[in-house]
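K.L.:
In this note's numbering, the protein residues as written are 4 to 141. Note that the Cβ used here is the ideal one computed from N, Cα and C, for glycine as well.
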């Protein structure tokens with residue numbers, strides 16, 4: 004996220020694969036970073052609810068928020084919904100659509116981290132290998 008002076012600010016982001024809204028921001032974080040006055044009330048409420056069925060109240064929208072993901076040089080400019088209910092829980096929530104679009108960027112380090120756990124052998128035509136991985140007894 005960029006401040007008014009375009010200096011980078013770190014935000015605690017949560018990934019939510021069930022959230023259909025690309026981006027949500029806590030009102031507290033918007034206020035801490037001088038963006039409270041930029042929140043517009045001119046938006047269409049997306050009508051969100053939590054998994055438990057409670058309505059998620061969207062309080063406004065910040066237009067053209069500039070940010071980049073840690074470890075990436077790509078700069079994004081997106082609209083972000085503002086929600087008081089996120090205060091104290093997260094600075095931002097990244098939803099399913101953005102996660103799918105930017106999967107490689109978001110999870111590139113995780114792929115490297117887990118790659119050493121799994122061993123793969125290249126199959127060749129006409130070859131079938133059976134290797135016992137674990138022994139079970141009844």
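Given residue 88, which residues of its chain have a CB within under 7 Å of its CB, disregarding the five upstream and five downstream residues?
P.N.:
By one-based count along the chain shown, residue 88 stands at place 85. Around residue 88: 59, 60.
K.L.:
If residue 90 and residue 43 are in contact, beta carbons under 8 Å, what's the gap, nearest whole angstrom?
P.N.:
Position 87 of the chain shown, counted from the first residue, corresponds to residue 90. Position 40 of the chain shown, counted from the first residue, corresponds to residue 43. Actually they are not in contact, since the Cβ atoms of residue 90 and residue 43 sit about 19 Å apart, beyond 8 Å.
K.L.:
Assuming residue 85 and residue 50 are in contact, meaning their beta carbons sit under 8 Å apart, how far apart are those beta carbons, in whole angstroms?
P.N.:
As a working mapping, residue 85 is identified with position 82 in the chain shown. As a working mapping, residue 50 is identified with position 47 in the chain shown. Incorrect: roughly 16 Å between the Cβ atoms, too far for contact.
K.L.:
Start and end of the beta strand (DSSP E) containing residue 28?
P.N.:
Counting from 1 along the chain shown, the entry for residue 28 is found at position 25. Element bounds for residue 28: 26 to 29.
K.L.:
For the alpha helix (DSSP H) that contains residue 70, what are its first and last residues?
P.N.:
Here residue 70 refers to the residue found at position 67 of the chain shown. Taken as a continuous stretch (DSSP letters only), residue 70 belongs to no alpha helix (DSSP H), being part of the beta strand (DSSP E) at 63 to 70.
K.L.:
Please say whether residue 83 and residue 68 have beta carbons closer to each other than 8 Å?
P.N.:
Counting from 1 along the chain shown, the entry for residue 68 is found at position 65. Counting from 1 along the chain shown, the entry for residue 83 is found at position 80. In contact: residue 68 and residue 83 (Cβ atoms closer than 8 Å).
K.L.:
Grouping DSSP H, G and I as helix and E and B as strand, with all else coil, what is residue 102?
P.N.:
Here residue 102 refers to the residue found at position 99 when the chain shown is read from its first residue. Three-state DSSP puts residue 102 in a helix.
K.L.:
Leaving aside the five residues before and after residue 103 along the sequence, list all residues of the same chain whose C-beta is less than 6 Å from its C-beta, in chain order.
P.N.:
If you number the chain shown from 1, residue 103 lands on position 100. Result list for residue 103: empty, nothing under 6 Å.
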